[in-house]
Amino acid sequence: VSLLLCLLFVSGWISVSVSVSQSQTVEVQSGEDVTLLCSNISRSPTQTDWFRVVNRTKASCISSMYAPENEASFCDGFQNRFEMSSNISTVFLKIKKVDVSDSGLYFCGFYKGKHTVITDAIHLNVKEIPGGMTNLMSVVLGGLTVLLTIVVIVLAVKISKLQKGTNLGSGDLNYAALSFQTKPKRNRRPASERELEPNVVYAATR
Ligand SMILES: *[C@@H]1O[C@H](CO)[C@@H](O)[C@H](O)[C@H]1NC(C)=O
Ligand SMILES: *[C@@H]1O[C@H](CO)[C@@H](O)[C@H](O)[C@H]1NC(C)=O
Ligand SMILES: *[C@@H]1O[C@H](CO)[C@@H](O)[C@H](O)[C@H]1NC(C)=O
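Per mature numbering (1 follows the signal peptide of the UniProt record, and there is no 0): the sequence shown = residues -23 to -1, 1 to 183.
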């Protein structure tokens, strides 16, 4: 079963299927789909039911089926996210988008002779997705994004200011380009050196 679970997770499925005869405790995260099953209950069609117990004492009927070909009938409070099906020998209960409140003991009942037989219970344990973690992550990432945006804006403003400080008229710029071809990184030089450029340009071209 653990190999199957691993394969399901590795292949990216968020659906978990567990057999009652192999695993008595099923752990899933809230929001996933889970299928519980009672296998090998009967060789002939018979009425089957799903029950659950929560909070130690609160027992409820979930659903009943009179025969595998019939539609399942759901008890109060279980009409929305629950699906029951059967292939005579195995009874399935699919719970869609499990919630923490779905945690509890699930078991099947079926008629055999004159009695209702109750199967071993499956303990479904639904864990809350660690929301605090993801919230922290998004806060950190959001903060980083804002910080980087501010840095980019500040840099852009500084660069445009530097360019305004050194830019001259278009004619002068041509001269400057001619004069300084061998020094392409002039924007990064200290301000004092840069302020001298116009003088150098004029001196060189006049
Ligand atoms: C299924 O149930 C029958 C009768 O209860 C039993 O003889 C058989 O061994 C069971 N098969 C499995 C695979 O559990
Ligand atoms: C189980 O108990 C908890 C707290 O005691 C309560 O909030 C919850 O509603 C109960 N669940 C059911 C299904 O009664
Ligand atoms: C019912 O389904 C179970 C689980 O998928 C399977 O092992 C079993 O062979 C099926 N039985 C029949 C009669 O189709």
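Using N, Cα and C, we set each Cβ at its ideal position, and we do this for glycine too.
Rounded to the nearest angstrom, what separates residue i and residue j at their Cα positions?
| i | j | result |
| --- | --- | --- |
| ILE95 | ASP76 | 25 Å |
| ASP97 | PRO107 | 30 Å |
| PHE59 | THR93 | 22 Å |
| GLN6 | THR122 | 30 Å |
| LEU14 | SER66 | 10 Å |
| ASN64 | LYS73 | 20 Å |
| LEU99 | SER50 | Per the sequence shown, residue 99 should be read as Ile rather than Leu. Rounded to the nearest angstrom, the two C-alpha atoms are 21 Å apart. |
| PHE69 | TRP27 | 9 Å |
| LYS138 | VAL117 | 32 Å |
| ASP10 | LEU82 | 17 Å |
| SER115 | LEU124 | 14 Å |
| ILE136 | GLY120 | 24 Å |
| GLN140 | ALA133 | 11 Å |
| MET61 | PHE55 | 11 Å |
| VAL103 | GLY8 | 9 Å |
| VAL3 | GLY86 | 19 Å |
With distance defined between alpha-carbon atoms, name the residue in the options nearest to residue i.
| i | options | result |
| --- | --- | --- |
| LEU101 | GLY120, PHE84, ALA133, ASN57 | PHE84 |
| GLU105 | SER78, ILE39, MET42 | SER78 |
| TYR88 | SER62, ASP53, LYS141, SER41 | SER41 |
| ASP53 | SER63, ILE39, MET61, ASN64 | ILE39 |
| GLN1 | SER16, ASP10, GLY8 | SER16 |
| ASN57 | LYS71, THR25, LEU82 | LYS71 |
| GLY90 | GLY81, GLN24, VAL103, GLU4 | GLN24 |
| SER80 | GLN140, ALA36, LYS141, LYS135 | ALA36 |
Should the segment 122 to 136 be called in touch with the segment 30 to 40, which here means at least 3 C-beta pairs below 8 Å? no
Closer than 8 Å is the cut-off here; do at least three beta carbon pairs connect the segment 2 to 20 with the segment 37 to 47? no
Contact set, ligand 3 heavy atom to C-beta under 7 Å: LEU14, SER16, ASN64, ILE65, SER66, THR67
Please give me, in chain order, every unbroken run of the beta strand (DSSP E) with length at least 3 that falls completely inside the segment 36 to 63. 59 to 63
Where are the beta strand (DSSP E) runs, 3 residues long or more, that stay fully inside the segment 83 to 129, in chain order? 92 to 95, 99 to 104
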